[in-house]
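Visitor:
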Amino acid sequence: MGMSFAYGPTDQRSARATLEHALELGVTFYDTADMYGFGDNERFLAPFVQAHRDELVLATKFGIVLDRDDPSARGVRNDPGYLRQCLEGSLTRLGVDSVDLYYLHRKDPAVPIEDTVAAMAELVREGKVRHLGLSEVTGDELRAAHAVHPIAAVQSEWSLFSRDVERSVVPAAAELGVAFVPYSPLGRGFLTGAFSDAGSELSEGDYRRTVPRFTGDHARENAGLLEPLRRIAEQRGVTLGQVALAWVHQRAAAHGLPVVPIPGTRRPERVAENTAAARLELTAGELAALEPIAARVAGDRAADMSLTSAARE
Ligand SMILES: NC(=O)c1ccc[n+]([C@@H]2O[C@H](COP(=O)([O-])OP(=O)(O)OC[C@H]3O[C@@H](n4cnc5c(N)ncnc54)[C@H](OP(=O)(O)O)[C@@H]3O)[C@@H](O)[C@H]2O)c1
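Those letters in the sequence shown? Residues -11 to 301, by our numbering.
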């Protein structure tokens, strides 16, 4: 996502090198969406995807509608005709015949999830999609969807800073055997210790300037919450981000949940750092030191919480 959208300007050469380096390191799961830069991210990925199609698990999403006149506006559409048109657009931009995982990006409260998933299942029968996924759904919505067609993965925000999914969707996914794909597992970069006041640290137009926990007093307070991470990172000779990623792996394991966190980076040198975190095992004492953080985070995790599962629980 950050290669084309939401996180400010990108050096395209470095972003391409990041993709290639990730593959060399054994990263096979690549995530995009039709709305990342109005299709720009799918177009950007196309040469990489086509060169390595058989080596990759390719995921994209539909359901969020952007407005060219108002960059901060987000609409939601889930109707069957629309989703078919979205998939055709994604396949064309990516230059592939099918995607491995097709997600509903956001649920439209006006459309029953059963209807949307039934329409998505038709795409599976037609061979254009291998597996179905859902993003930012509640546990009840996941159960209702899974009864219509097997759901392979739920992708929602889950990190040391964002744990609301542990209330309903994580237990439901564990019960149903649905894999979890935590997005923003580095808290959109905050958990790497890079921020203390996004208003001055981020470029104009960076989405994070609109996220309450990144701004003003919230950001300053939240930067203080990283002390336990910093201590653990120093003691173990790793980075804060690696501690944050290891935490997601271990938290999912504690729930008995298959997990594939998807940290995002545009820099080749950061891929090795992020993948190495999967091999870091935190002790029970370290996990206990990290436990209180999420409850103390100031500010919401999204600019518009009505688009998150938390708003419907
Ligand atoms: N389903 C949804 O609604 C949804 C929402 C958001 C994201 N996503 C998906 O999840 C993916 C990851 O989300 P995200 O990009 O927000 O995740 P993230 O990994 O939590 O944060 C990415 C930020 O962290 C920085 N970063 C990454 N590795 C770093 C490291 N080792 N050291 C320091 N900084 C580091 C990146 O900067 P650099 O790029 O400069 O390295 C970027 O600013 C996206 O690409 C997208 O596919 C899905």
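Glycine included, C-beta positions come from ideal geometry on N, C-alpha and C.
(1) Quick check: Ala265 and Leu179, are their CB atoms within less than 7 Å of each other?
(2) Taking C-beta to C-beta, are Ser(-8) and Tyr24 nearer than 7 Å?
(3) I'd like the span of the beta strand (DSSP E) that includes Ala61, first residue to last.
(4) Determine the DSSP secondary structure at Thr48, reduced to helix, strand or coil.
(5) May I ask you to report which of helix, strand or coil DSSP gives Gly121?
(6) Quick check on the DSSP output: the beta strand (DSSP E) that includes Glu145 runs from which residue to which?
(7) Suppose you measure from the CA of Val53 to the CA of Asp22; what does that come to, to the nearest Å?
(8) Distance, Cα to Cα, Val136 vs Ala106?
(9) Less than 7 Å between CB atoms is the rule here; does Val53 satisfy it with respect to chain B?
(10) Quick check on the burial criterion: 16 or more other C-beta atoms within 10 angstroms. Buried or exposed for Gln73?
(11) Just reading off the alpha helix (DSSP H) that Pro159 is part of, what are its end residues?
(12) Starting from Ala167, follow the beta strand (DSSP E) in both directions and report where the run begins and ends.
(13) Have a look at Gly244, Gln38, Arg254 and flag the residue whose alpha-carbon is nearest the alpha-carbon of Arg4.
(14) My assumption, with CB atoms under 8 Å, is that Asp288 sits in contact with Pro173. Please give the rounded CB distance.
(15) Flag this pair as yes or no: are the beta carbons of Phe149 and Val285 separated by less than 7 Å?
(16) Flag this pair as yes or no: are the beta carbons of Arg118 and Asp85 separated by less than 7 Å?
(17) Counting Cβ pairs, one atom from each stretch, are 3 or more of them under 8 Å apart for the region 150 to 163 and the region 183 to 191?
(18) Between Val248 and His9, is the Cβ-Cβ spacing less than 7 Å?
(19) With distances taken Cα to Cα, identify the nearest neighbour of Leu82 among Gly(-10), Ala140, Val37.
(20) Cα separation between Asn304 and Val99?
(21) What residue range does the alpha helix (DSSP H) around Tyr24 cover?
(22) Using the DSSP secondary-structure output, state which residues sit across from Val105 in a beta bridge.
(23) Kindly identify the DSSP beta-bridge partner or partners of Leu92.
(24) Name the DSSP beta bridge partners of Phe17, please?
(25) Say whether the region 214 to 225 touches the region 160 to 170, bearing in mind that this needs 3 or more beta-carbon pairs closer than 8 Å, one atom from each stretch.
(26) What's the call for Arg94, buried or exposed, on a 16-neighbour Cβ count within 10 Å?
(27) Identify the residues that DSSP records as bridge partners of Ser150: which are they?
(28) Might you give, ordered along the chain, the residues of its own chain that have their beta carbon closer than 7 Å to the beta carbon of Ala298, omitting 5 neighbours on each side?
(29) Using a Cβ-Cβ cut-off of 7 Å (strictly less than) and excluding sequence neighbours within five positions of Leu11, which residues of its own chain qualify?
(30) Looking at the structure shown, is Arg247 part of a helix, part of a strand, or coil, going by DSSP?
(31) For Ala(-6) and Tyr195, what's the separation of their Cα atoms in angstroms?
(32) Helix, strand or coil for Val231, going by three-state DSSP, please let me know.
Guide: With the structure as the only source:
(1) Position 277 of the sequence shown holds residue 265. Position 191 of the sequence shown holds residue 179. In this structure, Ala265 keeps its C-beta atom at 7 Å or more from the C-beta atom of Leu179.
(2) The residue given as residue -8 occupies position 4 in the sequence shown. The residue given as residue 24 occupies position 36 in the sequence shown. Yes, the Cβ-Cβ distance between Ser(-8) and Tyr24 is below 7 Å.
(3) Mapped onto the sequence shown, residue 61 falls at position 73. According to the DSSP assignment, Ala61 belongs to no beta strand (DSSP E), since it is labelled neither H nor E.
(4) Your numbering for residue 48 matches position 60 in the sequence shown. DSSP, read as helix, strand or coil, puts Thr48 in strand.
(5) By one-based count along the sequence shown, residue 121 stands at place 133. Strand at Gly121.
(6) As a first step, residue 145 must be located in the sequence shown, where it is residue number 157. If you look at Glu145, you'll find it in the beta strand (DSSP E) that goes 139 to 145.
(7) Here residue 53 refers to the residue found at position 65 when the sequence shown is read from its first residue. Here residue 22 refers to the residue found at position 34 when the sequence shown is read from its first residue. Distance between Val53 and Asp22, taken at the CA atoms: about 9 Å.
(8) Counted from its first residue, the sequence shown places residue 136 at position 148. Counted from its first residue, the sequence shown places residue 106 at position 118. Rounded to the nearest angstrom, the two C-alpha atoms are 6 Å apart.
(9) No chain B is part of this structure, which consists of one protein chain only.
(10) In the sequence shown, counting from the first residue as 1, residue 73 sits at position 85. Residue burial is scored here from C-beta neighbours: Gln73 has fewer than 16 other C-beta atoms within 10 angstroms and is therefore classed as exposed.
(11) The residue you call residue 159 lines up with position 171 of the sequence shown. That run of the alpha helix (DSSP H) goes 157 to 164.
(12) Position 179 of the sequence shown, counting from 1, holds the residue named residue 167. For Ala167, the enclosing beta strand (DSSP E) starts and ends at 167 to 171.
(13) As a first step, residue 4 must be located in the sequence shown, where it is residue number 16. The shortest C-alpha separation from Arg4 is found at Arg254.
(14) Looking up residue 288 in the sequence shown gives position 300. Looking up residue 173 in the sequence shown gives position 185. Asp288 to Pro173, Cβ: 18 Å. No contact.
(15) Mapped onto the sequence shown, residue 149 falls at position 161. Mapped onto the sequence shown, residue 285 falls at position 297. For the pair Phe149 and Val285, the CB atoms are nearer than the 7 Å cut-off.
(16) The residue given as residue 118 occupies position 130 in the sequence shown. The residue given as residue 85 occupies position 97 in the sequence shown. No, the pair does not count as a contact, with Cβ atoms beyond the cut-off.
(17) Touching, no.
(18) In the sequence shown, counting from the first residue as 1, residue 248 sits at position 260. In the sequence shown, counting from the first residue as 1, residue 9 sits at position 21. For Val248 and His9, no; Cβs fall outside 7 Å.
(19) Looking up residue 82 in the sequence shown gives position 94. The residue among Gly(-10), Ala140, Val37 with its C-alpha nearest the C-alpha of Leu82 is Val37.
(20) Past the edges of the chain, shown from -11 to 301, lies residue 304, and the structure says nothing about it.
(21) Locating residue 24 in the sequence shown gives position 36, counting from the first residue. Looking at the DSSP string, Tyr24 is not in any alpha helix (DSSP H), and its letter there is neither H nor E.
(22) For this step, residue 105 is matched to residue 117 along the sequence shown. Val105 pairs with nothing; no bridge assigned.
(23) Along the sequence shown, one-based indexing puts residue 92 at 104. Per the DSSP secondary-structure output, Leu92 pairs in a beta bridge with Phe50, Leu122.
(24) Counting from one through the sequence shown, the residue named residue 17 turns up at place 29. Partner(s): Val45.
(25) Contact between the region 214 to 225 and the region 160 to 170 is absent, because fewer than three Cβ pairs lie under 8 Å.
(26) Indexing the sequence shown from 1 puts residue 94 at position 106. Residue burial annotation: Arg94 is buried, with at least 16 other C-beta atoms found within 10 angstroms of its C-beta.
(27) On the sequence shown, position 162 is the one that residue 150 refers to. Beta-bridge partners of Ser150 (DSSP): Ser147.
(28) Counted from its first residue, the sequence shown places residue 298 at position 310. Correct list, in chain order: Asp152.
(29) For the purposes of this step, residue 11 is identified with residue 23 of the sequence shown, where counting begins at 1. Sequence-distant Cβ neighbours of Leu11 in its own chain, meaning closer than 7 Å and more than five residues away, are His40, Glu43.
(30) Mapped onto the sequence shown, residue 247 falls at position 259. Per the sequence shown, residue 247 should be read as Val rather than Arg. If DSSP states are grouped into helix, strand and coil, Val247 belongs with the strands.
(31) Indexing the sequence shown from 1 puts residue -6 at position 6. Indexing the sequence shown from 1 puts residue 195 at position 207. C-alpha separation (whole angstroms): 5 Å.
(32) Stepping through the sequence shown from its first residue, residue 231 is reached at position 243. Helix.
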